[in-house]
Amino acid sequence: MKKSVAIVFGGQSSEHEVSLQSARNVVNAIDRNHCYLTLIGIDKQGHWLRFDERDYLQNADDPAHIKLSESGRLLSLIPGTKGPQFVEVDTGLEAPRIDVVFPLIHGSSGEDGSLQGLLRLLDIPCVGPDVLGSAVCMDKDVTKRLLRDAGIAVAPFAVLHRGESVDFVSVSAQLGLPLFVKPASQGSSVGVSKVTDEASYAAALKLAFDYDNKVLLEQGIVGREVECAVLGNHEPQVSVCGEVVANDEFYAYDTKYLNDGQARIAIPAELPPDLADEVREVALRAYRVLGCAGLSRVDFFVTEAREIIINEVNTLPGFTSISMYPKLWQASGLSYPQLIDRLIVLALERAEEMRGLKTEVVL
Ligand SMILES: Nc1ncnc2c1ncn2[C@@H]1O[C@H](COP(=O)(O)OP(=O)(O)O)[C@@H](O)[C@H]1O
Ligand SMILES: [Mg+2]
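Residues in the sequence shown are numbered consecutively from 1464, following this note's numbering.
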């Protein structure tokens, strides 16, 4: 039977535009023999808007200027009923009942568990990790602590909460130079700086605290940036490894999304096969430790000395057809439309399983 799938995209994060590109690619590729679509765009003010497929984006071909169209109809959400889940505010029209949401909101509020929690209250299955896995992976401090506890290597780091400080001399003695300063919960390299001296340290802290109340100071790792795609629930599979070869100081926002001449993606990564297998194995372990389900992309540094260090885990990675996550699956034998299908099936399976769990004490 055809499934009713809602694509939710946009959002209030700095990755709004990337999300629109991901949505466009998914809408174009999704198999209409298996599903029909409802399009829900969240604008930069946070309104949930329903769009018709023929008019949901402006400047769709221009990554720098892509935006939601003006034609969205404001939605109201109704949790806790078996009736309508979404109603158009102005007309009272009910949106079709949704079997599963495919969230394509990158960064905070889409990837941090809050959307997942809202969908759970609405009793709608959701592609990707659930509340806990999403929240854990959004916070680089929590992610690293859990990985470290599981014996998985991460870059040595320190954490500053707003109001705390540590002077440059002691932090550079502890972590060495260069070091990286980053907000705990951002993505797309927003607020990330490479620090080499005292002046750049002060500027880096100021920038990172503009984006978050918690900031990570990390030892700079000299290594190749290798990424793996993981897919599945209890028996996840892992793709081949890919490598991001940045020509810049580091893999910065404009490199990722605007100025694609600056970074090269190599799939598969040019690693010795046994080392690549080790990386893939660590990706699977991290996926389990962090409570991921559905999908996640695990990002590593691999050093000259063959150390395998996890940098971060993205639970809703970029999903444009040229993004790393789908490309890794393509190289592993799963096409973009097949991948979308698979993710929807995994979300439905997980929801089915959750529904089967006992929720009350039977006397
Ligand atoms: N500890 C580190 N050592 C070396 N490079 C780093 C380190 N942390 C971040 N970088 C560089 O900065 C980029 C962005 O940092 P990352 O933590 O991945 O942030 P985001 O979540 O925004 O992608 C990385 O892809 C890498 O190039
Ligand atoms: Mg990253």
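Where a beta carbon is used, it is the ideal one built from N, C-alpha and C, also for glycine.
As the structure is a prediction and not an experimental result, all values here were calculated from the model.
For G1819 and L1811, what's the separation of their Cα atoms in angstroms? 12 Å
Short Cβ contact (9 Å threshold) for E1775 with C1600: yes
I'd like the span of the beta strand (DSSP E) that includes D1762, first residue to last. For D1762, the uninterrupted beta strand (DSSP E) run begins and ends at G1757 to V1765, by DSSP.
Quick one, which of G1573, R1560 and V1471 has its alpha-carbon nearest K1545's? K1545 has its Cα closest to that of R1560, out of G1573, R1560 and V1471.
In chain order, what residues of the same chain lie with their CB nearer than 8 Å to the CB of R1751, ignoring the 5 residues before and after it? P1699
For the candidate residues D1593, S1539 and S1534, whose alpha-carbon lies nearest to that of L1809? D1593
Three or more C-beta pairs below 8 Å linking the stretch 1624-1635 and the stretch 1778-1792: no
Going by DSSP in three states, P1646 sits in which element: helix, strand or coil? strand
Can you name the residues that DSSP bridges to R1536? R1513
Can you grab the Cα-Cα spacing for the pair L1520 / L1531, in whole Å? 5 Å
Taking R1583 as the reference, which of V1564, N1491 and C1498 has the closest Cα? R1583 has its Cα closest to that of V1564, out of V1564, N1491 and C1498.
Pick from P1547, L1791 and A1598: whose alpha carbon is nearest that of S1648? A1598
Bounding residues of the beta strand (DSSP E) (the contiguous stretch that carries Y1519): Note, Y1519: premise wrong, no beta strand (DSSP E); not H, not E.
Using a Cβ-based criterion (distance less than 8 Å to any ligand heavy atom), does G1591 qualify as near ligand 1? no
Going by C-alpha to C-alpha distance, which of D1762, V1490 and R1813 sits closest to D1586? R1813
Cβ distance (whole Å) where V1552 is taken to contact S1539 below 8 Å: 5 Å
Got a sec, what are the start and stop residues for the alpha helix (DSSP H) F1672 sits in? E1661 to Y1674
In whole angstroms, what is the alpha-carbon distance linking G1591 and P1735? 31 Å
Suppose contacts are defined by Cβ-Cβ distances below 9 Å. Is S1482 in contact with I1568 by that definition? Contact flag set, yes.
Give a single yes or no on whether V1653 has its beta carbon closer than 8 Å to a heavy atom of ligand 1. yes
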